[in-house]
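Below is one structure, written out as structure tokens; comments come after it.
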Amino acid sequence: MATAPASVTGAQDTIFALSSGAGRTALAVVRVSGPAAGTALDRISSPRPKPRFAAFRKLRHPDTGEEFDHALVLWFAGPNTETGEDMCELHLHGGRAVLAGAFAALSAVPGCRPATAGEFARRAFENGKLDLTAAEGIIDLIDADTDAQRRQALRQASGALAELYEGWRKELIEAQALLEASIDFSDEGDIAETAETNGLAIAASLAARIGAHLQDGRRGEIVREGFRIVIAGPPNVGKSSLMNALARRDVAIVSDEPGTTRDVLEVRLDLGGYMAVVADTAGLREAAGTVEQEGIRRALSRAEEADLVLWIMDATAPAADMPADLAGRGQRVLRILNKIDAADARRNVSADHAISARTGAGIPDLVTKLSRTVAEAAEGSNNPAITQLRHRQQIEACLEALKSVGPLSKLPPELTAEQLRRAADALGRIVGRVDPEDVLDQVFARFCIGK
Ligand SMILES: Nc1nc2c(ncn2[C@@H]2O[C@H](COP(=O)(O)OP(=O)(O)OP(=O)(O)O)[C@@H](O)[C@H]2O)c(=O)[nH]1
Ligand SMILES: [Mg+2]
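Just remember that the working numbering sits 50 ahead of the position in the sequence shown, which is counted from 1.
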């Protein structure tokens with residue numbers, strides 16, 4: 051990619067790493083990338099197989115000649131490889147001594163050294179094989195726990211986001227060119243005016259599309275990071291008991307002493323193929339010690355950020371009022387009456403749902419309802435969604451620049467062109483075409499070694 055910087059880790063080095071799982075495994079894949087990849091393969095096994103064909107070879111230390119494995123090897127000639135460099139792969143038996151032998155053999159080849167985390171992917175980026183969003187998609191794919199996360203990550207890794215943002219960026223560059231033409235032809239009134247009008251029309255149409263893209267209810271971020279559910283309510287109503295029932299294990303301490311839970315406790319759940327992060331919080335009440343007060347502060351701040359609050363009520367105790375800011379959240383609060391198994395349960399309280407965290411009554415229905423809510427929040431149109439804050443911030447910056455150039459703003463064409471350039475640069479930062487140095491280290495540090 052033209053704007054990408056030279057590698058900070060030395061692109062002339064040939065790097066190698068274990069790319070499959072660590073530990074004792076049936077097979078282990080070691081990948082090698084860089085100018086000496088072919089020599090390395092020749093030095094430890096020969097003859098070199100045809101490119102992209104697997105061959106069975108005896109593998110030897112290049113200096114001592116000692117065999118360390120009998121294995122499949124593959125040779126990939128650059129630049130049509132994942133990193134854009136020459137590459138080879140060793141599909142070894144996955145024992146620790148075999149791997150130690152392979153690493154010793156590769157280290158003995160001049161120019162070869164172990165790779166750092168994300169170094170293969172970074173070379174792919176620098177050789178224009180990946181844009182930043184695709185790299186991020188690959189990390190998310192490796193991290194994916196649910197079907198929805200996998201689908202979204204795979205789509206991003208295949209370039210769906212880059213295509214969308216690059217498409218918009220091209221339109222912005224075209225609009226900017228029209229504005230610049232209107233400056234160049236300012237002596238010829240008609241031509242200048244038409245160019246300016248056309249440029250502004252592109253900007254206005256983009257502003258509408260980008261605005262709609264931002265108003266997606268965080269759908270992509272919900273899939274990627276999880277739908278945030280917070281269990282809140284007065285002390286002792288059974289919040290921790292519900293958390294344990296949803297998690298199907300004893301994650302939280304349950305006791306009949308009010309004020310048991312102090313800190314926020316989280317579990318990750320797969321709800322119908324979508325990730326949800328459920329948080330149990332401290333019971334909300336007025337009189338409490340310093341530690342409990344801090345717990346209550348954390349509970350309220352979590353509830354504030356939540357996609358859904360489960361407000362728990364105790365069917366054996368007098369009703370407690372929901373804090374005003376929670377009550378004002380409308381749809382995003384589910385009122386749940388707990389302890390309906392108890393002999394003295396009040397059943398006439400208005401609630402969205404009635405359960406017993408103790409017997410499990412009503413829990414399957416609640417889970418179904420939650421799964422449906424998460425699915426509604428995560429599903430949307432077929433357009434790719436914003437998947438992370440880094441992208442959202444740049445898209446917001448892009449829209450802000452675009453909003454300043456509307457026909458009503460009456461900016462001189464020079465300033466309009468400048469704002470269009472800023473809008474295009476914001477999109478360029480997402481895919482890594484503009485100022486990639488700022489984010490490269492952060493993005494590639496999230497990769498594991500061997501990727
Ligand atoms: N009968 C009955 N008791 C329940 C039920 N759920 C919880 N309890 C009891 O209520 C008490 C409080 O339960 P917890 O889950 O600790 O309540 P909590 O809301 O987390 O309490 P704090 O952390 O103190 O705010 C315990 O004695 C539980 O056994 C239920 O469905 N039925
Ligand atoms: Mg609790």
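Glycine is no exception: its CB is placed at the ideal position from the N, C-alpha and C atoms.
Keep in mind it's a predicted model, so treat the numbers as computed, not measured.
- Membership of C138 in the beta strand (DSSP E) is indicated by the continuous run 137–144.
- One Cα belongs to M293, the other to R318, and the distance between them is close to 11 Å.
- At a cut-off of 6 Å, the beta-carbon of P368 does not count as near ligand 1: no heavy atom of the ligand is closer than that.
- Taking the Cα of A474 as reference, the smallest distance to any Cα among L222, A392, A425 is reached at L222.
- Between E132 and K100, the beta carbon gap of about 18 Å keeps them out of contact (Cβ cut-off 8 Å).
- Taking the Cβ of T310 as the reference point, at least one heavy atom of ligand 2 falls within a distance shorter than 6 Å.
- Here the distance from the Cβ of S406 to the nearest heavy atom of ligand 1 is below 6 Å.
- Counting of Cβ neighbours within 10 angstroms places R268 among the buried residues, the total reaching 16 or more.
- By a beta-carbon distance limit of 8 Å, G288 contacts A407. Their separation comes to about 5 Å.
- Closest in alpha carbon position to A282, among A295, R352, V148, E224, is R352.
- Nearest to L477 by alpha-carbon distance, out of G270, I260, I65, is I260.
- About 6 Å separates the Cβ atoms of A401 and I386, confirming a contact at the 8 Å cut-off.
- In the three-state DSSP reduction, N286 falls in the coil class, being neither helix nor strand.
- Relative to the Cα of V399, the nearest Cα in the group A207, D371, A258 belongs to D371.
- Take R163, set aside five residues on each side of it, and the residues of its chain with a beta-carbon closer than 8 Å to its own are D63, T64, I65, F66, S157, in chain order.
- Looking at the backbone, the Cα of V123 and that of E354 are separated by about 55 Å.
- In this chain, the beta strand (DSSP E) harbouring N388 covers 383–388.
- In this structure R472 is in contact with A451, their Cβ atoms being roughly 4 Å apart against a cut-off of 8 Å.
- Per DSSP, V493 is one residue of the alpha helix (DSSP H) stretching across 487–495.
- K501 has its Cβ no nearer than 6 Å to any heavy atom of ligand 2.
- As DSSP reads the structure, K108 sits in a beta bridge with H120.
- Between P112 and F153, the alpha-carbon positions lie close to 12 Å from each other.
- Counted as a single uninterrupted DSSP element, the stretch harbouring L458 is not any alpha helix (DSSP H), since DSSP gives it neither H nor E.
- Excluding residues up to 5 positions away in sequence, nothing lies with its Cβ nearer than 8 Å to the Cβ of G217 in the same chain.
- Checking the 6 Å criterion, the Cβ of D394 is out of range of every heavy atom belonging to ligand 1.
- For ligand 2, no non-hydrogen atom lies closer than 6 Å to the CB of K389.
- Restricting attention to G482, D488, A72, the CA atom closest to the CA of A185 is found in G482.
- Contact between the stretch 329–336 and the stretch 199–210 is absent: fewer than three C-beta pairs spanning the two stretches fall below 8 Å.
- With contacts defined as CB atoms closer than 7 Å, P285 and G309 qualify as a contacting pair.
- With a threshold of 6 Å, the Cβ atom of K460 does not count as near ligand 1, since no heavy atom of the ligand is closer than that.
- Runs of the alpha helix (DSSP H) lying entirely within the stretch 169–205 and spanning at least 4 residues, in chain order: 169–176, 182–193.
- Under DSSP, M363 shares a beta bridge with L387.
- Shortest gap from the CB of P414 to any heavy atom of ligand 1: 6 Å or more.
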